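**Q** Top to bottom, those sequences are chains A and B.
Each residue of the first sequence is one higher than the last, beginning at 25 in this note's numbering.
Each residue of the second sequence is one higher than the last, beginning at 25 in this note's numbering.
There are 2 protein chains.
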Amino acid sequence: MTELPETLANPSLEALRAVHDASSDLVRETPTMTSRSLSRDVGGEIVLKAENLQRTGSFKIRGALAKLRSIDVEGCAGVVTGSAGNHAQSLAYAARSLGIPCRVYMPQAAAIGKVEAVRAFGGEVVRGGEGVDSCVNLARDVALEEGMEFVHPFDDADVIAGQSGVGVELAGQVPDLRKVVVPVGGGGLASGIAIALKLHDPDVEVIGVQAEGCAAAVESMDVHHPVEIEQASTIADGIAVKRPGNLTLPLLERWLDGIVTVDDEAIVGAMVRLAERTKLVTEGAGAVGVAALLTGAVEPASTGATVAVLSGGNVDPRLLAAAINRHEITESRRVRISTRVPDSPGGLADLLQAIALAGANILEVSHVRDLADLDLSQTSVDLTLETRGPDHTAELRAGLAAAGYEVGEG
Amino acid sequence: MTELPETLANPSLEALRAVHDASSDLVRETPTMTSRSLSRDVGGEIVLKAENLQRTGSFKIRGALAKLRSIDVEGCAGVVTGSAGNHAQSLAYAARSLGIPCRVYMPQAAAIGKVEAVRAFGGEVVRGGEGVDSCVNLARDVALEEGMEFVHPFDDADVIAGQSGVGVELAGQVPDLRKVVVPVGGGGLASGIAIALKLHDPDVEVIGVQAEGCAAAVESMDVHHPVEIEQASTIADGIAVKRPGNLTLPLLERWLDGIVTVDDEAIVGAMVRLAERTKLVTEGAGAVGVAALLTGAVEPASTGATVAVLSGGNVDPRLLAAAINRHEITESRRVRISTRVPDSPGGLADLLQAIALAGANILEVSHVRDLADLDLSQTSVDLTLETRGPDHTAELRAGLAAAGYEVGEG
Chain A
25 MTELPETLAN PSLEALRAVH DASSDLVRET PTMTSRSLSR DVGGEIVLKA ENLQRTGSFK
85 IRGALAKLRS IDVEGCAGVV TGSAGNHAQS LAYAARSLGI PCRVYMPQAA AIGKVEAVRA
145 FGGEVVRGGE GVDSCVNLAR DVALEEGMEF VHPFDDADVI AGQSGVGVEL AGQVPDLRKV
205 VVPVGGGGLA SGIAIALKLH DPDVEVIGVQ AEGCAAAVES MDVHHPVEIE QASTIADGIA
265 VKRPGNLTLP LLERWLDGIV TVDDEAIVGA MVRLAERTKL VTEGAGAVGV AALLTGAVEP
325 ASTGATVAVL SGGNVDPRLL AAAINRHEIT ESRRVRISTR VPDSPGGLAD LLQAIALAGA
385 NILEVSHVRD LADLDLSQTS VDLTLETRGP DHTAELRAGL AAAGYEVGEG
Chain B
25 MTELPETLAN PSLEALRAVH DASSDLVRET PTMTSRSLSR DVGGEIVLKA ENLQRTGSFK
85 IRGALAKLRS IDVEGCAGVV TGSAGNHAQS LAYAARSLGI PCRVYMPQAA AIGKVEAVRA
145 FGGEVVRGGE GVDSCVNLAR DVALEEGMEF VHPFDDADVI AGQSGVGVEL AGQVPDLRKV
205 VVPVGGGGLA SGIAIALKLH DPDVEVIGVQ AEGCAAAVES MDVHHPVEIE QASTIADGIA
265 VKRPGNLTLP LLERWLDGIV TVDDEAIVGA MVRLAERTKL VTEGAGAVGV AALLTGAVEP
325 ASTGATVAVL SGGNVDPRLL AAAINRHEIT ESRRVRISTR VPDSPGGLAD LLQAIALAGA
385 NILEVSHVRD LADLDLSQTS VDLTLETRGP DHTAELRAGL AAAGYEVGEG
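1) Starting from B/A345, find everything on chain A with Cβ-Cβ shorter than 7 angstroms and list it in chain order.
2) With DSSP as the reference, label B/A396 as helix, strand or coil.
3) Listed from N- to C-terminal order along the chain, which residues in the segment 150-161 of chain B have their beta-carbon within a distance smaller than 8 angstroms of any beta-carbon of chain A?
4) Between the Cα of A/D225 and those of A/H351, A/P199 and A/D246, spot the shortest distance and give me the residue it belongs to.
5) Give the straight-line distance between the Cα atoms of B/G336 and A/A163, rounded to the nearest whole angstrom.
6) Do A/L221 and A/V204 have their CB atoms nearer than 8 angstroms?
7) Between which two residues does the beta strand (DSSP E) containing A/Q234 stretch?
8) How would you list, in chain order, the residues of chain A whose beta-carbon sits under 8 angstroms from the beta-carbon of B/V296?
9) Could you check what DSSP says for B/L201 in three-state terms: helix, strand or coil?
10) Select from the segment 350-372 of chain A all residues with a C-beta closer than 7 angstroms to any C-beta belonging to chain B, and list them in chain order.
11) For B/V66, decide whether its Cβ has a neighbour in chain A, counting only Cβ atoms nearer than 8 angstroms.
12) Where DSSP assigns a beta bridge to B/D406, which residues make up the other side?
13) Is B/N385 close to chain A? Criterion is C-beta to C-beta, closer than 8 angstroms.
14) Whose C-beta lies closer than 8 angstroms to the C-beta of B/I217 among residues of the same chain, with five residues either side of it excluded?
15) Name the residues in the segment 73-98 of chain B whose C-beta lies less than 7 angstroms from a C-beta of chain A; which are they?
16) Report yes or no: do the segment 122-134 of chain A and the segment 106-113 of chain A share at least 3 C-beta pairs separated by less than 8 angstroms?
17) Would you call B/V284 buried or exposed, if buried means 16 or more other Cβ atoms sit within 10 Å of its Cβ?
18) In this structure, how does DSSP classify B/I266 when only helix, strand and coil are distinguished?
19) Does the Cβ of A/Q377 have 16 or more other Cβ atoms within 10 Å, making it buried, or fewer, making it exposed?
20) Please tell me whether B/A396 has its Cβ less than 8 angstroms away from any Cβ of chain A.
21) If you count every other CB in all the chains shown that lies within 10 Å of the CB of B/P20, and 16 or more means buried, which is it?
22) Flag A/G337 as yes if its beta-carbon sits less than 8 angstroms from any beta-carbon of chain D, otherwise no.
23) Kindly indicate the opening and closing residues of the beta strand (DSSP E) around A/S64.
24) Give a yes or no on whether the C-beta atoms belonging to B/I386 and B/L420 are separated by under 8 angstroms.
25) Please report the distance separating the alpha-carbon of B/A42 from that of B/A185.
26) Report the residue ranges of all beta strand (DSSP E) runs contained in full by the segment 265-296 of chain A; include only those spanning at least 3 residues, in chain order.
27) Taking B/E30 as the reference, which of B/A325, B/D182 and B/A134 has the closest Cα?
28) Please state whether the Cβ-Cβ distance between A/F174 and A/T80 is less than 8 angstroms.
29) Please confirm if A/P55 has its CB atom under 8 angstroms from at least one CB of chain B.
30) Return helix, strand or coil for A/G191, following the three-state DSSP convention.
31) Would DSSP call B/V142 helix, strand or coil?
32) Would you mind telling me which residues of chain B sit closer than 7 angstroms to A/I136, beta carbon to beta carbon, in chain order?
33) Can you grab the Cα-Cα spacing for the pair B/L37 / B/A135, in whole Å?
34) Does the separation of the CB atoms of A/V312 and A/A239 fall below 8 angstroms?
35) Counting along the chain, where does the beta strand (DSSP E) carrying A/I70 start and finish?
36) A/L115 touches chain B at which residues, Cβ-Cβ below 9 angstroms?
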């Protein structure tokens, strides 16, 4: 077991508050929002901590800045890290703000948008390495060789103290706070928040959430040492960490009240719901807390407020668009059907009329005439429809069948 | 010219403040956010007023509630209006909160999601009428017949006083406020904000923005009486109002410092940018202020803060997804090309290698073998690529041409 530095072995709320307050020039106190529709659906008082509205789009700026404030800037040739996303952007942003050079090793396959964002914040990007892990190792080696300061994305006492700022803020923002649901990747955010809140009030419960497709912290907590999983497969790339940290694992074990997992379908559903109802863009990692509440993996507190931390919003817009389209189909609000109509005037019009009567909207119609098995007097029609959900879809199919249409999948 | 009621002819900031404060139990004080990237790109200090985070997803709740608070609830059989969207939801929400029955006439073609939202807030929905205008007229008639209170979406002194709450809040939230950019549909929000802010400080400039495809207020202000335009065609359905109000038009003329238009491409660009960079979902109407700043239609104040009011976020998620995809293509970040490779082992691999060297990501590849005009030794390939933008795309095309590939549009 790694020995914890004193600040983490015997943390004090005053010290964490001081770290938080020292960064108030660059870090936003992000708003909290009650959500009546989520509260109703989940059966508790749900509050969202909109950390996706943080500068650089995620909580990572808190830890990066706390770390940079802890090092000797004069004697430092610059900072270096390996990352595919949020940590890279945040470190570049924080370093530029303090006038420190910053280099980031990013995987060859890193999204162009994320590479550009790091460059826009003045960071030097070196592409190379298969994945994040090899980039982190490369950065650690380079730091030693070139006298730069290596900044680990999560396994660092100063970084963890920085992330605890989310908890420090929640303690002041949410009266009657009873439970907090936090995404867990490497574990820096979750342990930071848990420490701050438990010091504030030991009765506040803190529950971690991982993506089912990359639940290394869950596995590691089972066996009480860091386990490295082989394959990460989840839409929540921000928490797709294959091995929790040597510092963070014992902290998670000590401070969390529980940890659960959610699958990608639940994560996509939460992302779309947050965009549709709450008008907030979240990345997959940022939506896992809401996913856990909506699926029942986490029960809200029976009295008092339950907070879901929306940890970040850095999602490629294209991925968000794909998530919306996928969700519409999953929810059976967008339905493709195929049927046949008489190949004579009014044939299609009658079908469309029957669909309109059933209350569905028609999004797309295409005629398919040249299928060999069709009666020559009929023409095949593919339709994409919008319904109110699975029940309405079933009703629609029954209505069309009753009207004499043979309905297949489109 | 319609005579203005006394509250609008001689408005007082104290009275507007009182309206605002009376609704603080149901209306959120929405956050303001500085945006460094917008500020940099636009060349001024840009602040966003996130009214899309308002309850019911738009500012409309402010006016609806102010109106309901002004009527005699005891003697009222209920409230009724005609609307396709935000006003309907807001009135239903406000009416339920005060225990008043609410009926909304919605166009036959209204989006299912909006109909469902009104019902979810306890409103009775009657579908019928071709467009919003006929629904509004229907509601006005029904109100007379059935002794219900008709609530106009914008042309009502109490509604306008309610919308002024956005201005009341801005006066307190933004130090050194110099300019405010506000969407204009019917004109209720813009005139309300302008009145509150000019009473607060006559030097604050207030500029209205309309969608080019439905600029009835612009035309009407030119000729100093309400003009009805025939066709509304814009993605910004929330401000697609074909005729400004009898009350609002003189108010816009008196209180606005200017009014401009933006086209749908600019609106889509602003929506996507707000989602990508600021993590806020806006509807088209909510994004026109940012569109006006990004296109230069409105110059930011040279010193002090310029606020863009994000008036609402009620966009069909599918429309948001479509906007993202359209914007990617407009920005030439998503490019479709078509070329040919030798139909032999390694032919495609060489092409993909050349593309990777040019730094583009490959999103989709499809082989098209059966085109008649192809040399039999070659196979046609369609590719969808992600680039960093137009310059990078041009570079990529030049690189492929230099490597011997004949590149066409995909």
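The beta carbon of each residue, even a glycine, is placed where N, CA and C say it ideally should be.
Source: prediction; values computed, not measured.
**A** Straight from the coordinates:
1) The count along the second sequence starts at 1 and reaches residue 345 of chain B at position 321. Neighbours of B/A345 on chain A, chain order: A345, I348 and N349.
2) Here the question's residue 396 of chain B lines up with position 372 in the second sequence. Residue placement at B/A396 cannot be trusted, given a pLDDT of 48 that sits under 50; the coordinates are not used to answer.
3) none
4) Translated into positions along the first sequence, residue 225 of chain A becomes position 201. When each option's Cα is compared against that of A/D225, the closest is A/P199.
5) Reading the second sequence from its first residue, position 312 is the one you call residue 336 of chain B. Reading the first sequence from its first residue, position 139 is the one you call residue 163 of chain A. If you take the alpha carbons of B/G336 and A/A163, they lie about 44 angstroms apart.
6) Within the first sequence, the letter at position 197 stands for residue 221 of chain A. Within the first sequence, the letter at position 180 stands for residue 204 of chain A. In this structure, A/V204 lies closer than 8 angstroms to A/L221 by Cβ.
7) Along the first sequence, one-based indexing puts residue 234 of chain A at 210. Looking at the DSSP string, the run of the beta strand (DSSP E) that includes A/Q234 is E229 to A235.
8) In the second sequence, counting from the first residue as 1, residue 296 of chain B sits at position 272. Chain A residues near B/V296: P341.
9) As a first step, residue 201 of chain B is located in the second sequence; it is residue number 177 there, counting from the start. Of the three classes helix, strand and coil, the one that applies to B/L201 here is strand, per DSSP.
10) E352
11) Position 42 of the second sequence, counting from 1, holds the residue named residue 66 of chain B. Not one chain A Cβ lies under 8 angstroms of B/V66.
12) Indexing the second sequence from 1 puts residue 406 of chain B at position 382. Looking at the DSSP assignment, B/D406 forms a beta bridge with B/S362 and B/S390.
13) As a position in the second sequence, residue 385 of chain B is number 361, starting the count at 1. Cβ-Cβ to chain A under 8 angstroms: yes for B/N385.
14) Taking the first residue of the second sequence as position 1, residue 217 of chain B is located at position 193. Taken in chain order, the residues that qualify are Q187, S188, V190, G191, L194, V204, V206, V230 and V333.
15) N76, L77 and G81
16) yes
17) For this step, residue 284 of chain B is matched to residue 260 along the second sequence. B/V284 should be labelled buried.
18) For the purposes of this step, residue 266 of chain B is identified with residue 242 of the second sequence, where counting begins at 1. Note that residue 266 of chain B is Lys in the sequence shown, not Ile. B/K266: coil per DSSP, three-state reduction.
19) Position 353 of the first sequence holds residue 377 of chain A. Exposed, because fewer than 16 other Cβ atoms sit within 10 Å of the Cβ of A/Q377.
20) What you label residue 396 of chain B is simply residue 372 of the second sequence in a count that begins at 1. Reliability fails at B/A396, whose pLDDT of 48 lies under 50, so the model's placement of it is uncertain and the value that follows must be treated cautiously. No, B/A396 lies away from the interface with chain A (no Cβ there is under 8 angstroms from its Cβ).
21) Summary: the structure shown does not reach residue 20 of chain B, with chain B confined to residues 25 through 434, and so no result is reported for it.
22) The chain inventory of the structure shown lacks chain D, comprising the protein chains A and B.
23) The residue labelled residue 64 of chain A in the question sits at position 40 within the first sequence. Looking at the sequence itself, residue 64 of chain A is Arg, so the reference to Ser does not match. Premise fails: A/R64 lies in the alpha helix (DSSP H), R60 to V66, not in any beta strand (DSSP E).
24) For this step, residue 386 of chain B is matched to residue 362 along the second sequence. For this step, residue 420 of chain B is matched to residue 396 along the second sequence. No, the Cβ-Cβ distance between B/I386 and B/L420 is not below 8 angstroms.
25) Residue mapping note: residue 42 of chain B aligns to position 18 of the second sequence, counting from 1. Residue mapping note: residue 185 of chain B aligns to position 161 of the second sequence, counting from 1. If you take the alpha carbons of B/A42 and B/A185, they lie about 10 angstroms apart.
26) 282-286
27) Residue numbering aside, residue 30 of chain B sits at position 6 when the second sequence is read from its first letter. The residue with the shortest Cα to Cα distance from B/E30 is B/D182.
28) In the first sequence, the residue the question calls residue 174 of chain A occupies position 150. In the first sequence, the residue the question calls residue 80 of chain A occupies position 56. Taking 8 angstroms as the Cβ cut-off, A/F174 and A/T80 do not qualify as a contacting pair.
29) Looking up residue 55 of chain A in the first sequence gives position 31. Yes, A/P55 counts as interfacial toward chain B.
30) Along the first sequence, one-based indexing puts residue 191 of chain A at 167. Note: A/G191 maps to helix in three-state DSSP.
31) Start at 1 with the first residue of the second sequence, and residue 142 of chain B comes out as number 118. Helix, per DSSP.
32) Numbered from 1 along the first sequence, position 112 holds the residue referred to as residue 136 of chain A. Those within 7 angstroms of A/I136 in chain B are N385, E410 and R412.
33) Counted from its first residue, the second sequence places residue 37 of chain B at position 13. Counted from its first residue, the second sequence places residue 135 of chain B at position 111. Rounded to the nearest angstrom, the two C-alpha atoms are 38 angstroms apart.
34) By one-based count along the first sequence, residue 312 of chain A stands at place 288. By one-based count along the first sequence, residue 239 of chain A stands at place 215. Result no, Cβ atoms of A/V312 and A/A239 do not sit closer than 8 angstroms.
35) Here residue 70 of chain A refers to the residue found at position 46 when the first sequence is read from its first residue. Where A/I70 is concerned, the enclosing beta strand (DSSP E) stretches over E69 to K73.
36) For the purposes of this step, residue 115 of chain A is taken as residue 91 along the first sequence, with counting starting at 1. By Cβ distance, chain B contributes nothing, its closest Cβ being about 17 angstroms from A/L115, past 9 angstroms.
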